[in-house]
Amino acid sequence: MQALPECLELSCSLHNFTLGNQTKHIMKPSADKGKSEGGNNMPRPRRISSKNSEIEAYLSTHYEFRYNTVLGRTEYRSKNDAHFSKVGRYEINTLRREIDNDIGIITSSENPYSIIESSFSPRINPIREYFKALPLVDIGCDEGNSSILLSFTESHSRTGKLRCGAQS
């Protein structure tokens, strides 16, 4: 067992340690105010939305994003633009500045990048979407009253084949 003078030396070198294995109160007086008698023991209300959800709401309001499965990259466009552009570092930094200036959220460039490069941007095959958007075409038929309709159906979109069906 250690002698008392050695223990006293140890307690002098550790300013927040006293004999009896009790620690002195070294926290700021206001840090534990909620647990003191007469303090506010009610839990603080949580923020209604997180920083990321506010960023996602802003981005969704002003832009459309997609992950182009053909090119293997994320693309975006303004709500009033028809053309999708590649999302690069320059665009990410521009979006970060907009988020800071327009909604007052200061964040790193990695935060919008991690949002955009996630399920936030739906996976789209633009070639499939092009064919799905085409109208049905009646190419006619000389035999009787039947005609042939060309359509690109979801079941055949994996093979990329057009389905021809006779309609009467």
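For the sequence shown, the residue numbers in my numbering are 1 to 168.
Ideal Cβ positions, reconstructed from N, Cα and C, are used throughout, including at glycine.
None of these values were measured; they are calculated from a predicted model.
The beta carbon of D100 lies closer than 7 Å to those of I106 in the same chain, with the five residues before and after it left out. Apart from the 5 residues on each side of it in sequence, T69 sits with its Cβ closer than 7 Å to the Cβ of R123, I124 and N125 in its chain, given in chain order.
By alpha-carbon distance to F84, the top candidate from D102, L71 and Y58 is L71. Separation of the CB atoms of R66 and E75 is rounded to 6 Å, and the pair is thereby assigned contact status at 8 Å.
Secondary structure note for T74: its beta strand (DSSP E) is the uninterrupted segment R73 to S78. In this structure, the CA atom of A82 is about 31 Å from the CA atom of S49. Taking the Cβ atoms as the reference, S78 lies roughly 13 Å from Y58, outside the contact range of under 8 Å.
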